[in-house]
Each structure stands twice: as structure tokens, then as C-alpha cells.
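Numbering (the numbering used here), first residue to last: 1 to 658.
All C-beta atoms in this analysis are idealised placements derived from N, C-alpha and C, irrespective of residue type, glycine included.
Below is one structure, written out as C-alpha cells; comments come after it.
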């Protein structure tokens, strides 16, 4: 019988040895597979037990009277952590000291390995973006596309001390690289944190403290198509509902590509529809914002630059402030005259109810329960000691502008909103030519039905391709008053924008080759803001991209009270931004004594408008370098308004003439 077999010589002992060894190995493997923090706790407890055991052995084995317990523990601790302390030991004490030091070396090695493992795990979590965010009052962006960098830049420009947390499935290092310019902005105090995860998962939202955020911006990844982006946004909103507390104090702002999806997304936020309670959500439709900007830009010089100045943090923004005590009980016109260093544009009456540029002489009075809407360099950065001159009522110009002819090249989801806006704003008897070559039969049928919806203008359909019309000298494009180049919508955003820019470059080349001069307005839509930066804007030739949407999202997130103000300005009805000739507000030969911005403010209020600034276009002179247009928003009241037909007044008011 073999000695290794059970029952053989030494069999029971050998079996016991293997059993004990297997159990020790198993327990060690189990310990190493646990959380490193648990390993540290176990090793520290084991260290205390070993030190106490060696102290007890010393008291029993050392000749002479036994040492006090405290002295024995101290002796064991010093030998455990530092082997050099046993050099002076002798006899039995030396043997015990050697055992203490040997066990100390082994346990300290395990302890060091546990700490290193824990540190390595934390570094892996940080690199992978999977660690927990312990923030309160931060701004949270769910999803990632090129607009996120622009939003971060706006946050930095605001000058507020903010922590921005971005949660997306994209690579963490790439997102941090894209956001690095915003972090380096000298004007801001922005701290950026990036985490990797799926915003549609509750666990990911809890990891970035979504329930404690000051505001949440939801942006679908640019890699998704239109239908996929709506499904992604819907899933994210449903996940947010589950993690948000019943009384979430912040605002959720959602960017959707097409307004048609707004109704579906709002169902996910309605009370007791997708779940108990409701979720306060503001939905910004990119196609509506861009369509309105395209329509006004192709009609009025300076409006595009005015909208950008209002939306960007450039020491001239709209703020919603509590009513100062000095304004309590005053009418709008009285308060409008009192505010100096800023311009009172409206009253916020709570729960999204606002009144912008009320009728002159209205009895509307400001109360302490209201808030004032002021255009100023910053919140409360204005005084209340202002005054305006006596009103001089003048007859405003009532001429009807001549009809215009606008050529629209291409077709995208923006077209229905663009056509509706042109139908509302163009002078009577204007014509819009839609160049839509290359469309499918079903799309052409939809386009014909869309053209019939126009009531004030005539819509002509041109089945030629955009490039064919641009390169044809007899296409009639030179005779038009304005051209809109719509961005394509395909699977490859960069290629689509490149096609729109190619059309623009050919159009510029053709107009120059044909000697077309003057103030023909050309507006090009591009989807990616980076593409708009690749081609320079000219005097009347601009590129409109989704960077306006990014600015609007940043404004809404930082100040939820201002959201209904911009919604009113960008809606198809109500109060809007307009540019009117200087002659409507000042005499043609007004001197510096009577031609100040204060005089313009008084005249504007007499028309039911609020004057915001002065836009001056510098006409071209042969042989002279043309200066770029200048825009003065919120100028000082003694600012002398330049004379000439090329000067316009930027106002906020109803569209009274057309």
C-alpha cells in the first residue's frame, strides 16, 4: 500500500495537510478576489491578532517575571514593523523577535499589495470614467455631439463658478480634449468632469448625481439618425423620471432636431402618464430656431448678429431679476425710464407668464411678486436713477416694402418651418422659388402640398438640382433679393455640410464672375458648427448652424426663468426682434443734442416697442476698404446715433408693418 494512499503509512496526516493547505489557498484566493478595501480591513485585523499572539508568547517564554501586557504589546509592535529593533535581543527573546519580524514582513507585503490594488482600481475607474460624482448644484449634460463644446464655452463665458458633468458613451479622453478650450477660458471658473456611461440607465444617472443637479441638458448623439435620436431622448427622459426626486428644483432642457417629436417627448414628462408625478422639461426644437433665423437673416441685415449677441454671454444678455423696491408699484413706462445701464424689456409674472414690450401708456403695474426682464451686462448691474426726455410723437413710416424674391436651394426638415416663416414675414406679392431636384416622387408630392399652404406669398417649384441652378448664368438667381441654401440631412453629417458649402462657394464664385454687386443676402444652413467656422462670413453672406441652439440651451439651463422669453422671441407669433430705419425714430438731420439713444428709446415706446440698440452697415466705396457692420446693444443713453440710411434701430416689438 502506497504511503500516499488513505490508510497507508502517514496517510491521515498527509490528507490533513492537503486539506488544510487547500482551505488556506481557497481562503486566500477568496480574499484576493474581494474589494481591495475589504482586503485592507482583513489584513489590519489579522495584524492586530498576530501582534497580540506574539506579545502573549513573549510573556510566557521570557525568563523572569512576566512583562506587563502594555510593555509586551509595544515590544511586539516595534519588532513587527521594524526588524532592526531586535538586534539587542538575546536568548529566547531573540527567537520570538525573529518570528514577530518574519510575520510582520509577510503581512506588510499583503497590506502593501492591497493598497496598490485599491489604487490601481481607482486609477482604472478614473481612466474609464466609471467613478461616482459627488457633486451638488452642478450642470449635467447627457449625451454628446459637437454642440456640447459650444455649451461648455458659454458656461465658461458666463463667469459663474460652475461644475459641468458630461455623461456619454463616447471615449472619455476624446470628450475631455474637445472640452479643454472651455476649461482654459480665462473669463470663466468652469470645472469639467466627464463620465462614461449610458444616460438611458438609471445606475449611470445616479453615478453622476442627476437628482442633485442644478440643471440637466439632454442631447442625442450625432451618430443617431432622426428616428433613433427621438427614441434615445425618450428613453433618457423615462430614466430621468425614475431617479429625480418629486420636487426637483432644477430644469431639464431637451434638444430635439425636429419639432414634430415634441408632442411625443412631452408625454414622457406629463403628470401620471409615464409614471407618478411630472418632470419640468423645456424642449428646444433645432429646426424651428434655425428656420426663424434663416428667414429673418435673408430679409434683414443685422438680425443674425443681434440674435447671436443676445444669446452669447458677451456683457449684454437678458436677465430675470427680482423687482427692486424702487420699482414696486410703477408702470412699465415709468420703470423703463428709471433703469439706467440696462434696458427693461418686459415683466415676468410667474409660471412662465411674461409680458414683453407692452402697449404704450398701459396701466400694467409692477408688483413685488413679479420679476423684471432686463437686458444688461449682468444681473443687477444697472442703476435706478435714470430719466428719459419728453416724448415727441412722430408719424412712423408707413410705406409698404416692395415684394421680394427668395430662392431656396435644397430640401431638409427645416423647410416647412422656413416656408411658414417666410409666408408670415415677407411683403405681400413676394415669391419663393424652391429648387428641389433629386428628390423622390413621394418627397415631391409632400413638397407640392407644402407649397399650397402659403397664403400671402407665391411659391414656385423648380425641379432642377441646386448646383445646376447655381452654375447656370440664366437661372435667374442673380435677380433674386436673397438666397437660402438648406443643409442636407443624410447619414454622413460632414459630407452633407461639405455639399452645402460647395454650393455656397460656387454661388459666390458665380456672382462675382457675373459682376453682381450690392446687398444680395445669402444664408447657408449647416448642421455641424465646426463646418460654419471653416468658411468666413461676408457682409451679407452668413452661415447659420446649430451653434445658436447651443447658446439657447446654455441660457435656458443657467436661468430657467429666461426660457419663456427666448421662446417668445423665437416663436412664429407675438413679440420679436426687428430692425427699422433710423428715420422712424429720429429726424434725418438730428443734431447730437436731439439724436441720442435716449431719444430713440422714447420714440420706440411711443410705438409700443423697446429699443435695444443701433445697427450700422457701412456702404461700400470704390477703392476703400469696407468696415464690417457694427452693432451697439444697450448703449449709453447719451450715445449719439449716427446719421444716414444705412443706420437701423434694433427693437423688440410686434410686427406692425408688412
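Alpha carbon of residue i to alpha carbon of residue j, nearest angstrom
i	j	result
residue 199	residue 332	45 Å
residue 261	residue 601	41 Å
residue 374	residue 323	11 Å
residue 18	residue 106	22 Å
residue 295	residue 416	12 Å
residue 212	residue 321	24 Å
residue 67	residue 74	11 Å
residue 357	residue 365	13 Å
residue 277	residue 466	50 Å
residue 564	residue 479	40 Å
residue 420	residue 287	12 Å
residue 4	residue 44	Only weak support exists for where residue 4 lies, its pLDDT of 45 falling under 50; the coordinates are left without a value.
residue 208	residue 195	8 Å
residue 424	residue 630	28 Å
residue 459	residue 408	10 Å
residue 306	residue 440	38 Å
residue 592	residue 582	Residue confidence is low: residue 592 scores 45 on pLDDT, short of 50, so the model does not pin down where it sits. Its coordinate-derived value is still stated next. Rounded to whole angstroms, residue 592 to residue 582 spans 14 Å at the Cα level.
residue 336	residue 184	38 Å
residue 383	residue 318	16 Å
residue 510	residue 504	10 Å
residue 512	residue 506	10 Å
residue 2	residue 12	Note that residue 2 scores a pLDDT of 46, beneath 50, so its modelled location is shaky; the value from the coordinates is reported in the next line. When rounded, the distance between both Cα atoms is 13 Å.
residue 282	residue 474	47 Å
residue 611	residue 172	46 Å
residue 658	residue 422	Only weak support exists for where residue 658 lies, its pLDDT of 39 falling under 50; the value from the coordinates is given anyway. Rounded to the nearest angstrom, the two C-alpha atoms are 12 Å apart.
residue 271	residue 47	58 Å
residue 411	residue 554	29 Å
residue 607	residue 361	10 Å
residue 381	residue 316	11 Å
residue 95	residue 23	29 Å
Cβ pair residue i, residue j closer than 8 Å
i	j	result
residue 149	residue 182	yes
residue 298	residue 457	no
residue 616	residue 647	yes
residue 134	residue 192	no
residue 340	residue 605	no
residue 430	residue 404	yes
residue 633	residue 653	no
residue 376	residue 325	no
residue 603	residue 147	no
residue 218	residue 254	yes
residue 92	residue 61	yes
residue 434	residue 451	yes
residue 640	residue 580	no
residue 240	residue 265	no
residue 327	residue 355	no
residue 500	residue 528	no
residue 483	residue 522	yes
residue 156	residue 205	no
residue 215	residue 557	yes
residue 202	residue 243	yes
residue 463	residue 437	yes
residue 258	residue 301	no
residue 104	residue 81	yes
residue 284	residue 552	yes
residue 525	residue 485	yes
residue 548	residue 293	yes
Residues that residue i bridges to, as DSSP identifies them
i	result
residue 381	In the DSSP output, where bridge partners are listed per residue, residue 381 has none listed.
residue 319	374
residue 346	356, 373
residue 147	Residue 147 pairs with nothing; no bridge assigned.
residue 615	631, 648
residue 653	576
residue 431	405, 458
residue 191	163
residue 251	215
residue 596	640
residue 141	166, 217
Distance cut-off 7 Å: residue i Cβ against heavy atoms of the ligand HEM
i	result
residue 112	This structure simply doesn't include the ligand HEM, nor any ligand for that matter.
Does the stretch 135-144 touch the stretch 161-169, meaning 3 or more C-beta pairs lie closer than 8 Å? yes
Unbroken stretches of the beta strand (DSSP E), 3 residues or longer, contained in the stretch 526-570: 541-544
Inspect the CB distances between the stretch 298-313 and the stretch 565-581 and report whether three or more fall short of 8 Å. yes
May I have a chain-ordered list of the alpha helix (DSSP H) segments no shorter than 4 residues that lie completely inside the stretch 257-327? 262-267, 286-297, 303-311
Any chance you could list the beta strand (DSSP E) runs of at least 3 consecutive residues sitting entirely within the stretch 451-518, in chain order? 458-462, 482-485
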